[in-house]
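Structure record follows, encoded as structure tokens.
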């Protein structure tokens, strides 16, 4: 790889980890390391350090704990095995972490980011971004902008940040924080979660029980997928939502409501049959909120 980089006018040298360090900050036209390599990849199987300049870059790493910094431009960086750090800088970028416990930072711009396998930290930065932790227990931060943020599978921490965000916990018992703005907390089935199962079939929320740390009834919404919560139909009807203090499914008796909020505990229950004992935990909110039918939507 050193010979290839030398022909491009790029500074490259072996590093102490057995890989290679690359400095291409003087480049402004963009580099495509994948195309420069006869095998489609130009990085080594050990630990590489890349520091690229402005321009639309395309980088793929292999094994090792790599550090990739692409600089300004609409870049694409794909890490592979190892605990990698990917910093995409300014621009409308696409970045993924691959296997390992990775850190992916989109920087400024409208980015598309994936953590993939491992317990990853995905930070979207400034812009209207789409960020997904994918597998395992991840931390996903939309930062500033109107973002779409997914936890993926695992018990994730998902933050919308500043702006009007759409926050998905996906599968697992997740912690969701919308941040400032009018946020949507969306509970939706995706094929990547496995076979579709309704709450009625499972007897529990098949997506897991998430905790929303900052739900604001004056601004935010909870959206429920009717494929999972089938008894709700196409819309939330009057009488479907009820507030019951100190709600106890074992002793409360029959409730006609399908969505029950307990202001003492902050728990929201879903009851598809309105029969005692069929209640299941839907989501954990803060106590003493002014919850009404207007806080829920079905899609």
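Residue numbers (the working numbering): 4 to 302.
The beta-carbon is built from N, C-alpha and C at its ideal position, and this holds for glycine as well.
What's the call for residue i, buried or exposed, on a 16-neighbour Cβ count within 10 Å?
i, result
"residue 43", "Residue confidence for residue 43 is low, a pLDDT of 29 falling below 50, so the modelled location carries little weight and cannot support an answer."
"residue 205", "exposed"
"residue 276", "exposed"
"residue 96", "buried"
"residue 195", "exposed"
"residue 290", "exposed"
"residue 174", "buried"
"residue 69", "buried"
"residue 299", "buried"
"residue 134", "buried"
Under a three-way DSSP split, which group does residue i fall into?
i, result
"residue 296", "helix"
"residue 38", "Because the pLDDT of residue 38 is 38, which lies under 50, any placement of that residue in the model is unreliable, and the number read from its coordinates should be weighed accordingly. DSSP places residue 38 in helix when its eight states are reduced to three."
"residue 205", "helix"
"residue 80", "strand"
"residue 260", "coil"
"residue 196", "helix"
"residue 99", "strand"
"residue 93", "coil"
"residue 160", "strand"
"residue 210", "coil"
Can you list, in chain order, the residues of its chain with a C-beta nearer than 6 Å to that of residue i? Leave out the 5 residues immediately preceding and following it.
i, result
"residue 99", "81, 117 and 119"
"residue 128", "109, 110, 111 and 146"
"residue 252", "282"
Only counting the same chain, and skipping five residues up and downstream in sequence, which positions put a Cβ closer than 7 Å to that of residue i?
i, result
"residue 93", "75, 110, 111 and 112"
"residue 228", "190, 191, 192 and 302"
Would you mind giving the Cβ-Cβ distance between residue i and residue j, rounded to the nearest angstrom? I have them listed as a contact below 8 Å.
i, j, result
"residue 271", "residue 285", "5 Å"
"residue 215", "residue 292", "In fact, because the Cβ distance is near 10 Å, the residues do not count as touching under 8 Å."
"residue 177", "residue 149", "So it is not a contact: roughly 20 Å between Cβ atoms."
"residue 263", "residue 274", "7 Å"
Could you pull out every residue in the same chain whose Cβ sits closer than 8 Å to the Cβ of residue i, ignoring the five residues on either side in sequence?
i, result
"residue 102", "83, 84, 85, 119, 120 and 121"
"residue 156", "137, 138, 139, 173, 174, 175, 195 and 196"
Would you be able to state if there are at least three C-beta pairs under 8 Å between the region 201-215 and the region 236-252? Three or more beta-carbon pairs separated by less than 8 Å are not found between the region 236-252 and the region 201-215, which leaves the two stretches without contact.
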